[in-house]
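Beneath this line is the structure, given in structure tokens, with notes to follow.
What follows is the structure, given as structure tokens:
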């Protein structure tokens, strides 16, 4: 059932707009030592919350976040394109060209911190309907104490480039990451290797 359930979950996630979907285990992220070194060098700046003992423990071990965790669903959703962005729905092409200033592609359209969690919740509802009951879970989209690029690489979504971004062979780094920690055994995907 694990393999067919994993396939069904991936299909549902893709239906909800996640182009990239993979599964990994809740093992310690392979780059945790690099993260610790980054913190010891003070690279977190004023973001002191990153270096608290509690946050470090959670980043080192997903089971500190969800003790029942058996699998992690890693997901990637492409940034909205300027042509489809709500920010330009009522703006003529000439006005688009004359605008000054540049806005990062991920910031076009609705706030992904609001859009993605709603879709993650829909995936959890789907999973619980498939298994016939509640499944312990926790989801994040760049807001939780996890090393999401490591998880995504381990789930086969891409590789971590020299720029430290996760890179997919055809999408580059133009996608948003999200994760769902699940108290459910699912067959993990192979890590992405270059």
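In our numbering, the protein residues as written are 1313 to 1506.
We put the beta carbon where it would ideally sit given N, CA and C, even for glycine.
Exercise. What residues in its chain sit with their C-beta under 7 Å from that of residue 1450, if we drop five residues either side in the sequence?
Worked result: Mapped onto the chain shown, residue 1450 falls at position 138. Here the set comprises 1377, 1378 and 1493.
Problem set entry | Pairwise C-alpha distance: residue 1391 and residue 1400 | Stepping through the chain shown from its first residue, residue 1400 is reached at position 88. Stepping through the chain shown from its first residue, residue 1391 is reached at position 79. The predicted model places residue 1400 with a pLDDT of 49, which falls under 50 and marks its position as unreliable; any figure quoted below should be read in that light. In a straight line, the C-alpha of residue 1400 is about 15 Å away from that of residue 1391.
For this session: Excluding the 5 residues preceding and the 5 following residue 1432 in the sequence, name in chain order all residues of the same chain whose CB lies nearer than 8 Å to its CB.
Result: As a working note, residue 1432 is residue 120 in the chain shown. Exclusion of the five residues before and after residue 1432 leaves 1387, 1451, 1453, 1490 and 1492 as the residues of its chain whose Cβ lies within less than 8 Å of its Cβ.
For this session: State whether the region 1462 to 1478 contacts the region 1327 to 1347, with contact taken as three or more CB pairs (one from each stretch) at a distance under 8 Å.
Result: yes
For this session: Could you please give the first and the last residue of the uninterrupted alpha helix (DSSP H) stretch that includes residue 1344?
Result: Locating residue 1344 in the chain shown gives position 32, counting from the first residue. Where residue 1344 is concerned, the enclosing alpha helix (DSSP H) stretches over 1344 to 1352.
Problem set entry | Same chain, Cβ closer than 7 Å to residue 1344, five either side skipped, listed in chain order | Translated into positions along the chain shown, residue 1344 becomes position 32. Apart from sequence neighbours up to five positions away, the residues of its chain that approach residue 1344 with a beta-carbon distance below 7 Å are 1371, 1372 and 1459, ordered along the chain.
For this session: Return the chain-ordered list of same chain residues with a C-beta closer than 6 Å to the C-beta of residue 1500, the five sequence neighbours on each side being excluded.
Result: What you label residue 1500 is simply residue 188 of the chain shown in a count that begins at 1. Excluding sequence neighbours, residue 1500 sits near 1335, 1336 and 1337.
For this session: Quick one: residues in its chain with C-beta nearer than 6 Å to the C-beta of residue 1369, no 5 flanking neighbours on either side, listed in chain order?
Result: Translated into positions along the chain shown, residue 1369 becomes position 57. Scanning its chain for C-beta atoms nearer than 6 Å, with the 5 sequence neighbours on each side dropped, one finds around residue 1369 the residues 1376, in chain order.
Problem set entry | Classification of residue 1352 by the beta-carbon crowding that lies within 10 angstroms, buried from 16 upward | Residue mapping note: residue 1352 aligns to position 40 of the chain shown, counting from 1. Under this definition residue 1352 is an exposed residue.
Problem set entry | 9 Å Cβ cutoff met for residue 1495 and residue 1448 | Within the chain shown, numbered from 1, the residue matching residue 1495 stands at position 183. Within the chain shown, numbered from 1, the residue matching residue 1448 stands at position 136. Result yes, Cβ atoms of residue 1495 and residue 1448 sit closer than 9 Å.
For this session: Return the residue from the list 1315, 1321 and 1314 that minimises the CA-CA distance to residue 1438.
Result: Here residue 1438 refers to the residue found at position 126 of the chain shown. Ranking the options by Cα distance to residue 1438, first place goes to 1321.
For this session: Select from 1384, 1350, 1324 and 1357 the residue whose C-alpha is nearest the C-alpha of residue 1497.
Result: Start at 1 with the first residue of the chain shown, and residue 1497 comes out as number 185. The shortest C-alpha separation from residue 1497 is found at 1384.
For this session: With distances taken Cα to Cα, identify the nearest neighbour of residue 1476 among 1380, 1358 and 1346.
Result: As a first step, residue 1476 is located in the chain shown; it is residue number 164 there, counting from the start. Residue 1476 has its Cα closest to that of 1346, out of 1380, 1358 and 1346.
Problem set entry | Pick from 1342, 1436 and 1481 that is closest to residue 1317, judged by C-alpha positions | Taking the chain shown and counting its residues from 1, one reaches residue 1317 at position 5. Of the listed residues, the one whose Cα sits closest to residue 1317 is 1436.
Problem set entry | Alpha-carbon spacing of residue 1324 relative to residue 1331, whole angstroms | Here residue 1324 is taken as the residue at index 12 of the chain shown, counted from 1. Here residue 1331 is taken as the residue at index 19 of the chain shown, counted from 1. Residue 1324 and residue 1331: Cα-Cα distance of roughly 11 Å.
Problem set entry | Cβ-based neighbour list, residue 1356, same chain, cut-off 7 Å, excluding 5 preceding and 5 following | Taking the chain shown and counting its residues from 1, one reaches residue 1356 at position 44. Its chain contains 1362 and 1363 as the residues whose beta carbon lies nearer than 7 Å to that of residue 1356, once the 5 sequence neighbours on both sides are disregarded; these appear in chain order.
For this session: Using alpha carbons as the reference points, say which of 1380, 1327, 1469 and 1481 lies closest to residue 1446.
Result: Translated into the one-based positions of the chain shown, residue 1446 becomes position 134. Among 1380, 1327, 1469 and 1481, the Cα nearest to that of residue 1446 belongs to 1380.
For this session: Please state if the CB of residue 1473 and the CB of residue 1504 are separated by a distance shorter than 9 Å.
Result: Along the chain shown, one-based indexing puts residue 1504 at 192. Along the chain shown, one-based indexing puts residue 1473 at 161. Cβ atoms of residue 1504 and residue 1473: not closer than 9 Å.
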